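Structure first, then comments.
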Amino acid sequence: MNKASRRDFLDWIIRGGIFTTLAGMVLPALTYLWPVMRRGPMTGVIEVGPEDTIPVWSAKKVVHGGSAFLVIRTANGFKAFSAVCTHLGCIVSWESTKRQVECPCHAGFFDLEGRVVSGPPPRPLPSYTVNVVNGTVFVKL
Ligand code: FES
């Protein structure tokens, strides 16, 4: 192997390493920032499970079709909301002590109606209809 071809080979290896490193940094960032809502709406009736598996003032997060929703059991029944934050698409969670839905990404908070309480989310969480049939919880998306 002469000097020129060895140098070309090393240049190729270095460029490939730089490209791979940049792709490894940029692609996860884009995946994080790309709003999940662009994947399209979820539809259908989803069986969440037996109602007694969700104690009062607790919640169950359900992943469905590449997205997620949250089923919250209150003292007056069940509520269901999209678990995708309306700000940048992070997955929200139920905070039982505050009785609020919170988004950990930028401190967004939603009330029990899905309305924005504080933080940057621009819209309420979409809500879904919940039915309990023979002790089993169903959510209509
Ligand atoms: S993504 Fe939820 S507050 Fe920013």
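Heads up: the sequence shown is residues 26 to 166, going by the working numbering.
Think of the CB as a built atom: it goes at the ideal place given N, C-alpha and C, for glycine as much as any other residue.
Predicted model, so just to flag it, every value in this text is computed and none were measured.
Rounded separation between residue i and residue j - CA only
{"i": "residue 164", "j": "residue 93", "result": "12 Å"}
{"i": "residue 128", "j": "residue 82", "result": "18 Å"}
{"i": "residue 143", "j": "residue 91", "result": "27 Å"}
{"i": "residue 55", "j": "residue 33", "result": "32 Å"}
{"i": "residue 110", "j": "residue 135", "result": "10 Å"}
{"i": "residue 121", "j": "residue 44", "result": "45 Å"}
{"i": "residue 88", "j": "residue 36", "result": "45 Å"}
{"i": "residue 141", "j": "residue 100", "result": "21 Å"}
{"i": "residue 123", "j": "residue 116", "result": "18 Å"}
Exposure label - residue i; buried when at least 16 CB within 10 Å
{"i": "residue 98", "result": "buried"}
{"i": "residue 103", "result": "buried"}
{"i": "residue 42", "result": "exposed"}
{"i": "residue 139", "result": "buried"}
{"i": "residue 126", "result": "buried"}
Spatial neighbours of residue i in its chain, beta-carbon cut-off 8 Å, leaving aside the 5 residues before and after
{"i": "residue 80", "result": "98"}
Within 7 Å, strictly: CB atoms of residue i and residue j
{"i": "residue 150", "j": "residue 107", "result": "yes"}
{"i": "residue 76", "j": "residue 155", "result": "no"}
{"i": "residue 146", "j": "residue 160", "result": "no"}
{"i": "residue 85", "j": "residue 70", "result": "no"}
{"i": "residue 166", "j": "residue 78", "result": "no"}
{"i": "residue 153", "j": "residue 105", "result": "yes"}
Three-state secondary structure (DSSP) of residue i
{"i": "residue 121", "result": "coil"}
{"i": "residue 81", "result": "coil"}
{"i": "residue 49", "result": "helix"}
{"i": "residue 98", "result": "strand"}
{"i": "residue 160", "result": "coil"}
{"i": "residue 29", "result": "helix"}
{"i": "residue 154", "result": "strand"}
Neighbourhood of residue i by C-beta, 6 Å cutoff - its chain only, sequence neighbours within 5 removed
{"i": "residue 148", "result": "111"}
Contacting residues, own chain, Cβ-Cβ under 7 Å from residue i (five flanking each side not counted)
{"i": "residue 131", "result": "112, 144, 145"}
{"i": "residue 72", "result": "161, 163"}
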